[in-house]
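For reference, the structure discussed in these notes is given below.
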Amino acid sequence: MVSFDFSGKNVVVTGASRGIGRAVAIKMAEAGARVLVHFQKNKKAAAETLRLMSQPKRGSHFALRADLADPAAIREMVDEIDKEFEKVDILVNNAGIFEPQAIDMNFDDWADAWQNTINVNLMGAVHLTYHIARRMVKSGGGKIVNVSSRGAFRGEPDHPAYGASKAALNAFGQSMAVKLAPDNVQVFTLAPGFVETDMAEDFLKGDTGEAILKQYPGGKVASPEEVANAVCYFASQGQEMASGAILDLNGASYLRS
Ligand SMILES: NC(=O)c1ccc[n+]([C@@H]2O[C@H](COP(=O)([O-])OP(=O)(O)OC[C@H]3O[C@@H](n4cnc5c(N)ncnc54)[C@H](OP(=O)(O)O)[C@@H]3O)[C@@H](O)[C@H]2O)c1
């Protein structure tokens, strides 16, 4: 097992009620961090994440609800974070949705589906980064890890807004890495392929599951814990030179040059 030390660090993880975000929250807590478990709808699942987490030495973990598609809700969440955390050391922009946008949809549905995906996957991370990065700059530094996707590079024929939102998230992270470097804020991006979570569950079953596994020369897709390890690696002290990097986590299922 890879071990990390986040003693005394305050961490914000979006989408920590389930999947990758939950694995990140648990791993960060095991390593000593105090964590905000963000969720949108699943209060019970967020409570379960909290139950699974080791307690920090000072304070305790807490959960907050916010729809990341709503800039006002993000602002309210940040006000609550300010009451709990003196400063934020690490922000993990992980929450996301994977909804279909078919070219044969009617136009209103197509436009709504695009807007929703861009609002959650891109603008949610953009606006939360705006608020948290300003605080990091004031407090002397911090680390931001964005969870993107292989789809940003490989294309998403049935989920084009998802691929576009993640490609834009990559560009956003790289722009911020340059902008914030003088203020000791590093920004990293992960691009996982399929990961065993609720988001991928239906695709990993039956015939589609078999077809997906054929893309993976190692015969398996990633676990949420493997992605969480990579988040923790970038969020650790000593990886500052990797700022601006986009790390593929796809089991060599898609190699980009
Ligand atoms: N699973 C994969 O195969 C895969 C592959 C590549 C990249 N990724 C990326 O990894 C990240 C995590 O995915 P996952 O597989 O762990 O997903 P997941 O199991 O479906 O969990 C999604 C999380 O995002 C939250 N969320 C959904 N809509 C939201 C909204 N409007 N506002 C705020 N939070 C919202 C959910 O909160 P509630 O529980 O409250 O609904 C939940 O915590 C995503 O960015 C995804 O694109 C996943």
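Heads up: take any position in the sequence shown, counting from 1, add 55, and you land on the working numbering.
Even glycine gets a Cβ: it sits at the ideal position worked out from N, Cα and C.
The structure presented is a predicted model; accordingly, all values stated were derived computationally and were not measured.
Query	Result
Continuous alpha helix (DSSP H) stretch holding N171: start and end	F162 to T172
C-alpha gap between S72 and L183, whole angstroms	18 angstroms
F153 CB to nearest heavy atom of ligand 1 below 7 angstroms	yes
Buried versus exposed, by CB contacts within 10 Å (16 or more), V57	exposed
N- and C-terminal bounds of the alpha helix (DSSP H) containing G197	Not the alpha helix (DSSP H): G197 falls in the beta strand (DSSP E), residues G197 to V202.
Contact check, K82 vs A283, beta carbons under 8 angstroms	yes
Alpha helix (DSSP H) segment containing L268, residue limits	G261 to Q270
Given V240 as reference, the closest of S308, V143, I75 and M254 once Cα atoms are compared	V143
The region 215 to 232 / the region 176 to 192 touching (three or more Cβ pairs under 8 angstroms)	yes
Alpha helix (DSSP H) runs contained entirely in the region 185 to 256, provided each spans 4 or more residues	206 to 209, 215 to 235 and 253 to 256
For L245, the nearest candidate out of K99, M160, G76 and D262 (CA to CA)	G76
Between the CA atoms of Q229 and G197 - distance to the nearest angstrom	15 angstroms
Strand pairing of N148, partner residues [DSSP]	N201
Inter-residue spacing [alpha-carbon to alpha-carbon] between L91 and D134	13 angstroms
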